[in-house]
Amino acid sequence: MSSLRIGFASGVRHAADYLRILGDDPRVELVAVTEEPDAPECMRAASRAAAETAGVPYREAPDALAEAGAVDVVVVCAEPTRHARLALAALGAGAHVLVDKPLATTLADADALVAAAERAGRVCAVVNRTHAPALRRARAWVDAGHIGLPRHLDLEFFASGAHFGTSVERPELVVDRELSGGGELMNFLGYLADAVHHLTGLATREVHAFAAPLFLPTHVEAGVEDAAVVTLALERGVTATITLGRIPYAPGGTPTTSSIRLLGSHGHAVVDDEQPAVTRFGADGTTTSAPDAGQVALEAYLRHVVDALVAGGVPDYTAVDARAAVAVIDAAYRSLETGDVADVR
Amino acid sequence: MTLPVAVAVVGTGDFARQHLLALASIPEVEVRWVAGTDLARATALSALVPGARPTTDVAGAVTDPAVEAVDVVTATPGHAPWTIAAGRAGKHVHVEKPAALSLADLDEMVAGTEGNGVDGTGTTLMVGQTVRFQPAVTALAAAAHAGQIGDPRLLHVTWYTGHAWPMGWRAWHLDPTLSGGHPVHNGTHIIDLATWLLGAPPVEVFARGFPTFAPDMPIPDSFHVQARTADGALATLELCYALRRRGDMLRRVVLVGTEGTLRHSTEEEPGLVSDAAKPGPVSLEGALRLQLAHWIDVVRGRAEAVVKTAEVRGALAAALAAQRSLETGRRVHVSEIEGYDGERSSAARAGGAA
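Chains as they are written, first to last, in the working numbering: chain G, 123 to 467; chain Z, 3 to 356.
Here's what the structure looks like:
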């Protein structure tokens with residue numbers, strides 16, 4: 123396969139970024155953005171707009187893409203509660219799939235996707251941040267033995283609420299459970315669960331979570347969490363703490379800020395997605411220029427997916443990995459329900 | 003000319019030594035006694051402060067009519083009896099953290115000092131929550147309490163320090179019956195910090211811990227507590243005493259409010275890098291002296307204690323709950339702690355928001 127024909131099944135949320143990045147890859151041919159004819163008008167309008175911006179045809183018949191053999195890859199970029207259904211259809215029709223995160227909003231759907239990909243012999247890739255340079259740097263230190271045995275990880279991930287109203291995210295796609303499947307735990311916890319697994323290679327066994335709508339009117343009104351504190355118990359006695367949220371003012375200069383502290387038996391390490399950064403002092407105050415880690419990680423992963431599929435291989439992060447992240451999210455929500463520790467299923 | 007405050011210091015351990023050095027630097031203080039069970043140690047420590055005398059007659063020292071104020075710096079089990087004895091003798095008391103191993107003990111300590119008079123005319127009791135006097139923390143709290151970030155709702159404290167347990171297996175800190183366990187012994191620092199910065203005590207906690215170097219260590223050298231406060235705010239509080247290199251420190255505080263975020267990290271502080279010495283971060287500098295100087299202001303009636311006993315009670319209940327969570331592996335509500343009283347918790351909230 124020397125080039126990839128890629129179609130989008132729905133084009134809401136982050137579709138504009140994905141279309142831009144994939145469209146810039148000379149090995150990719152963007153075939154169409156499609157939407158289900160019975161999808162709500164707002165979704166159809168958003169998908170149509172994404173297609174127009176990218177200069178790609180828009181159609182209202184998603185399954186037809188794969189069934190007709192018109193594409194090699196279907197990018198599922200709907201609201202989260204529609205991910206599983208659209209991805210299953212595409213896999214069933216014989217296409218490779220790239221699903222926006224989260225892979226699915228229920229563990230059962232995640233399991234179904236893993237099984238479907240295996241049955242079809244197709245790749246089910248999932249958007250993630252494990253290609254973030256800071257995370258890769260920390261992993262290299264772990265692999266080299268520089269910190270000895272990892273004992274504990276502390277992860278912080280904040281999105282700035284100041285960007286919420288103007289970001290590509292339509293707020294209801296994050297706060298309306300019917301569309302999002304949950305609040306910011308559903309939205310962000312997977313990134314952190316992925317990072318913990320990427321650094322340690324260990325599975326998470328238990329999760330405890332506190333969460334609440336603490337800051338943003340959108341979340342308070344919808345009754346979904348905008349912030350959470352989570353602890354993970356991994357295999358071999360390793361622990362992790364996670365502090366996450368969409369907060370009014372994240373402590374950084376990019377839309378999301380994240381940092382990891384890693385305690386080992388023989389050393390410790392800190393990595394921050396916003397480093398290195400340059401600070402400018404001027405009449406308009408202080409501004410810090412740092413790469414937008416979310417974009418950097420996304421571009422790296424999408425390039426990797428294209429690399430892998432063009433070469434007939436499998437990307438380093440697929441539905442199998444994403445299923446583990448969904449399992450952590452699932453346990454976090456069960457912890458909130460029961461008010462105690464929840465086993466990861 | 004005002005007479006100096008005559009102080010009896012109870013305790014002869016390493017922290018008593020640090021207290022004595024700090025007290026010696028406050029001109030208004032006259033250390034009259036260094037009292038403890040080990041005369042040799044009391045003698046050695048009293049030599050640090052001109053005029054101080056060693057004694058093993060602790061009861062005599064804390065009831066000495068010439069003594070106005072007592073600084074209790076013993077191992078934690080000694081806090082309650084000596085605080086109560088001093089309070090009943092009409093002395094103002096400063097007691098190291100954690101103030102007590104139970105809420106009942108703390109209540110007796112408060113009753114024996116603040117409550118030990120007619121119409122609330124008892125003496126003062128100040129608990130040595132040193133972290134509040136660290137310059138960076140004082141500044142964080144001042145900004146938060148002044149409303150600069152709106153309503154503080156989410157706190158993330160990372161506190162890692164390079165250290166090995168002193169005294170090896172002989173250390174009393176390693177015995178949970180004497181220290182309360184690590185969430186009580188050192189966790190009091192971060193739990194009090196959370197109570198102060200968030201303006202309300204934790205009411206639900208979950209804790210996990212791990213030993214870094216010695217698997218058989220009876221208490222974890224490192225642990226974390228996650229908490230929900232009475233006002234619904236959330237916190238991640240991490241404490242690690244096991245960074246590889248002695249003297250290393252990483253302390254990072256992120257406090258998120260409804261209208262802004264405060265952050266301080268020792269990572270951003272310049273300092274000395276030399277084989278000769280490794281001083282602590284400037285953001286922590288001089289805290290104990292500031293704390294004890296503030297105590298003298300309290301004793302003299304020039305200031306209200308920054309550390310209020312109602313807040314201490316709320317934080318101690320949370321620390322005891324965290325230790326129970328560590329032991330049981332489940333979330334613990336502070337109402338499970340013997341002697342917990344919701345009304346007093348509300349008092350802590352009011353005090354913390356001041």
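Idealized CB from N, CA, C, for every residue including glycine. Please read all numbers here as calculations on a predicted model, not as lab measurements.
Contacts that Z/A237 makes with chain G (C-beta to C-beta distance below 9 Å): Neighbours of Z/A237 on chain G, chain order: F332, V351 and T365.
Closest Cα partner of Z/A305 within the set Z/L245, Z/F225 and Z/M128: Nearest of Z/L245, Z/F225 and Z/M128 to Z/A305, Cα basis: Z/M128.
Given that Z/Y342 touches chain G, what residues does it touch there, using C-beta distances under 8 Å? Under a criterion of Cβ atoms nearer than 8 Å, no residue of chain G is adjacent to Z/Y342; the nearest Cβ is some 17 Å distant.
Just curious, the alpha helix (DSSP H) that G/F337 is in, first and last residue? No alpha helix (DSSP H) holds G/F337; DSSP gives it neither H nor E.
Could you name the residues of chain G that Z/T76 contacts, counting a contact when the two beta carbons are closer than 8 Å? Per Cβ cutoff of 8 Å: no residues; Z/T76 is ~32 Å from chain G at best.
I need the straight-line Cα distance from G/V290 to Z/R315, nearest angstrom please. The predicted position of G/V290 is uncertain, since its pLDDT is 49 and thus under 50; a value taken from the coordinates is nonetheless stated next. Their backbone Cα atoms lie some 47 Å apart in a straight line.
Expressed to the nearest angstrom, what Euclidean distance is found between the alpha-carbon atoms of G/G243 and G/H268? Spanning the two alpha carbons is a distance of roughly 39 Å.
Indicate the three-state DSSP secondary structure (helix, strand or coil) for G/M308 in the structure shown. In the three-state scheme derived from DSSP, where H, G and I count as helix and E and B as strand, G/M308 is classed as helix.
Where G/P377 meets chain Z, residues with beta-carbon distance less than 9 Å: Correct list: empty, because the minimum Cβ distance to chain Z is about 15 Å.
For the segment 242-273 of chain Z, enumerate the residues whose C-beta is nearer than 9 Å to any C-beta of chain G, in chain order. For the segment 242-273 of chain Z, which is checked against every Cβ of chain G, the residues closer than 9 Å are C242, A244, L245, R246, R247, D250, L252, R254, V256, V258, G259, T260, E261, G262, T263, L264, R265 and E269.
Does any CB atom of chain Z fall closer than 8 Å to the CB of G/T361? Output row for G/T361: interface = yes.
Counting only Cβ-Cβ distances shorter than 7 Å, please list the residues of the segment 150-175 of chain Z near chain G, keeping chain order. Considering only beta carbons, the part of the segment 150-175 of chain Z lying closer than 7 Å to chain G consists of R155, L156, H158, T160 and Y162, in chain order.
Against Z/G316, what residues of chain G qualify as contacts under a CB-to-CB distance less than 7 Å, listed in chain order? What Z/G316 touches in chain G: nothing, since even the nearest Cβ is about 18 Å away.
Cα-Cα, which of G/V342, G/T408, G/V393 and G/Y313 is closest to G/R445? Between G/R445 and the set G/V342, G/T408, G/V393 and G/Y313, the nearest pair of CA atoms involves G/Y313.
Cross-chain neighbours of Z/T214 in chain G, by beta carbon under 8 Å: Chain G residues near Z/T214: R273, L385 and S387.
My understanding is that Z/A202 touches Z/A148, with C-beta atoms under 8 Å, so please give their C-beta distance in whole angstroms. With a contact defined as Cβ atoms closer than 8 Å, Z/A202 and Z/A148 miss out at about 17 Å.
Just to confirm, are Z/F225 and Z/P178 a CB contact at a threshold of 8 Å? Against a cut-off of 8 Å, the Cβ pair of Z/P178 and Z/F225 comes out as no contact.
Counting along the chain, where does the alpha helix (DSSP H) carrying G/L420 start and finish? First-last of the alpha helix (DSSP H) with G/L420: A415 to V432.
Smallest Cα separation from Z/I339: which of Z/F212, Z/G189 and Z/L318? Distance from the Cα of Z/I339 is smallest, within the candidate group Z/F212, Z/G189 and Z/L318, for Z/L318.
Taking 8 Å as the CB-CB limit, is G/D160 close to chain Z? False, the Cβ-Cβ gap to chain Z never drops below 8 Å.
Counting beta carbon pairs with one atom in the segment 79-94 of chain Z and one in the segment 27-34 of chain Z, are three or more of them shorter than 8 Å? Under the three-pair Cβ rule at 8 Å, the segment 27-34 of chain Z does not count as touching the segment 79-94 of chain Z.
Inter-residue spacing [alpha-carbon to alpha-carbon] between G/S302 and G/A137: One C-alpha to the other measures close to 16 Å.
Closer than 8 Å, CB to CB, is Z/S285 near chain G or not? With 8 Å as the cut-off, Z/S285 does not count as an interface residue toward chain G.
Where Z/A26 and Z/T45 are concerned, what is the direct C-alpha to C-alpha distance, given to the nearest angstrom? Straight-line spacing of the CA atoms in Z/A26 and Z/T45 works out to 16 Å.
Checking 8 Å against the spacing of the C-beta atoms, do G/L257 and G/A362 come in under that value? Against a cut-off of 8 Å, the Cβ pair of G/A362 and G/L257 comes out as no contact.
Evaluate the contact criterion for the segment 207-227 of chain G versus the segment 191-198 of chain G: three or more CB pairs, one atom per stretch, below 8 Å. Counting C-beta pairs with one atom in each stretch, the segment 207-227 of chain G and the segment 191-198 of chain G have three or more that are closer than 8 Å, which means they touch.
Under 8 Å, do Z/A321 and Z/P100 count as touching if we go by C-beta distance? Judged by their CB atoms, Z/A321 and Z/P100 are nearer to each other than the 8 Å cut-off.
Count the other CB atoms within 10 Å of the CB of Z/M169; is the residue buried (16 or more) or exposed (fewer)? So Z/M169 counts as exposed.
Using a Cβ cut-off of 8 Å (strictly closer), state whether G/V450 contacts chain Z. No, because no Cβ of chain Z sits closer than 8 Å to the Cβ of G/V450.
Across the segment 431-442 of chain G and the segment 290-299 of chain G, are there enough close Cβ pairs to call them in contact, namely three or more that are closer than 8 Å? Taking 8 Å as the limit for Cβ pairs, the verdict is that the segment 290-299 of chain G does not touch the segment 431-442 of chain G.
Tell me whether the beta-carbon of Z/G341 lies closer than 8 Å to the beta-carbon of Z/D73. At a Cβ-Cβ threshold of 8 Å, Z/G341 and Z/D73 do not count as neighbours.
Just verifying my parser: in three-state terms, what is the DSSP assignment at Z/H226? Residue state for Z/H226 is assigned as strand, using DSSP reduced to three classes.
For the alpha helix (DSSP H) that contains G/D443, what are its first and last residues? It spans A441 to T460 - the alpha helix (DSSP H) in which G/D443 sits, taken as one unbroken run.
Mind checking Z/W297: buried by the 16 CB within 10 Å criterion, or exposed? By the 10 Å Cβ count, Z/W297 comes out buried.
Rounded separation between G/V329 and Z/R248 - CA only: Each residue's Cα considered, the two are about 32 Å apart.
From G/D443 to G/A247, what does the alpha carbon distance come to, in whole angstroms? Rounded to the nearest angstrom, the two C-alpha atoms are 9 Å apart.
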